[in-house]
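*Asks:* Counting in the numbering used here, the sequence shown runs from 7 upward without gaps. Where is the CB? At the ideal position from N, CA and C, for every residue including glycine. Can you keep this structure in mind? I'll have questions shortly.
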Amino acid sequence: MIASLRGEIRLRGPDFVVLDVGGVGFRVQVPASALEELGDPGDTVRLYTHLHVRDDAVALYGFPTPEQLELFEALLGVSGVGPRLALALLSSTSVEALRLAISQEDVELLMRVPGVGRKTASRLILELKGKIDLGRLGLPGGAAIPPEQAELVDVLTNLGYTVAEAREAIASLPPEAKEMPLEERLRLALRYFGGV
7 MIASLRGEIR
17 LRGPDFVVLD
27 VGGVGFRVQV
37 PASALEELGD
47 PGDTVRLYTH
57 LHVRDDAVAL
67 YGFPTPEQLE
77 LFEALLGVSG
87 VGPRLALALL
97 SSTSVEALRL
107 AISQEDVELL
117 MRVPGVGRKT
127 ASRLILELKG
137 KIDLGRLGLP
147 GGAAIPPEQA
157 ELVDVLTNLG
167 YTVAEAREAI
177 ASLPPEAKEM
187 PLEERLRLAL
197 RYFGGV
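See below:
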């Protein structure tokens, strides 16, 4: 098993990189969301990897953080979820937002990922809910985020804020913000950070 690779990026594709490790080029499938953070050809990176072996193919999946790899492997443990769908889930949203969607049973957020229908989203929640570590999300004592704010948390984490920072911004919103459209709540949250 290949636990991680450290090497120079030789080539970047739409969903993969070729890493040169000691003169050997490894094609590694990566989440689309991670491509930009990996760098450009010539940069040296470390990827935490999962080797997936089937009868007709061998594929290597890589992630910039151990948390992404851990969640990828948890997703693979769900009945009916293969590496392509697990990679699509991690490409579409952050690890924190995905964990939050599962813990909050947010079927609608999961269904936004191409290839995930209501049945698959429900299965993901059913099989992973008890396995998701809320402490890693920065949710003290597993405190829940109200469902109407989960989408705002997702947007803020996709903009680079942590879940804890997103929670602080949401807590600063006026009570009437619950009735506002997402765009307006986002504007107010960004104002909290001094962004707008």
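Residues in the same chain with beta-carbon distance under 7 Å from T163, minus the five sequence neighbours each way, listed in chain order, please.
*Replies:* Around T163: S100, E102, A103, V169 and A172.
*Asks:* Helix, strand or coil for L179? Go by DSSP, reduced to three states.
*Replies:* Coil, per DSSP.
*Asks:* Can you tell which of S97, E157 and G86 has the C-alpha that lies nearest to the C-alpha of S128?
*Replies:* The shortest C-alpha separation from S128 is found at G86.
*Asks:* Fully enclosed by the region 78-138, which alpha helix (DSSP H) runs are 4 residues long or longer?
*Replies:* Segments of the alpha helix (DSSP H) lying fully in the region 78-138: 89-98, 101-109, 113-117 and 124-134.
*Asks:* Among the candidates P72, L75 and I15, whose CA atom is the shortest distance from the CA of D49?
*Replies:* Measuring from the Cα of D49, the nearest candidate turns out to be I15.
*Asks:* Assign G200 to one of two classes, buried (16 or more other C-beta atoms within 10 Å of its C-beta) or exposed (fewer than that).
*Replies:* So G200 counts as exposed.
*Asks:* Decide if R105 is buried, meaning its Cβ has at least 16 other Cβ atoms within 10 Å, or exposed.
*Replies:* Flag for R105 reads buried.
*Asks:* Unbroken beta strand (DSSP E) runs of length 3 or more, entirely within the region 7-50: which are they?
*Replies:* Here the runs fully enclosed are 10-18, 22-27 and 30-35.
*Asks:* Distance check for H58 and P89, CA to CA, integer angstroms please.
*Replies:* Distance between the alpha carbons of P89 and H58 is about 8 Å.
*Asks:* Rounded to the nearest angstrom, how far is the Cβ of T55 from that of G68, given a contact under 8 Å?
*Replies:* That belief holds up - the Cβ atoms of T55 and G68 are roughly 5 Å apart, short of 8 Å.
*Asks:* Enumerate in chain order the residues of its own chain whose CB-to-CB distance from P72 is below 8 Å, with the five nearest sequence positions on each side excluded.
*Replies:* Result list for P72: Y54, in chain order.
*Asks:* State the DSSP-derived secondary structure class of T55, mapped to helix, strand or coil.
*Replies:* Strand.
*Asks:* Opposite G68 in the DSSP bridges: which residues?
*Replies:* In the DSSP output, where bridge partners are listed per residue, G68 has T55.
*Asks:* Taking L188 as the reference, which of A156, A177, Y167 and S178 has the closest Cα?
*Replies:* Among A156, A177, Y167 and S178, the Cα nearest to that of L188 belongs to A156.
*Asks:* DSSP state of D160, grouped into three classes?
*Replies:* Correct three-state label for D160: helix.
*Asks:* So, for L134: in the same chain, excluding its five sequence neighbours on each side, which residues have a beta-carbon less than 7 Å away from its beta-carbon?
*Replies:* These residues qualify, in order along the chain: A80, V84 and I108.
*Asks:* Would you identify the three-state DSSP class for Y198, choosing helix, strand or coil?
*Replies:* It is helical.
*Asks:* Cβ of I131 within 8 Å of Cβ of E111?
*Replies:* Going by C-beta atoms, I131 is nearer than 8 Å to E111.
*Asks:* Does DSSP classify A170 as helix, strand or coil?
*Replies:* A170: helix per DSSP, three-state reduction.
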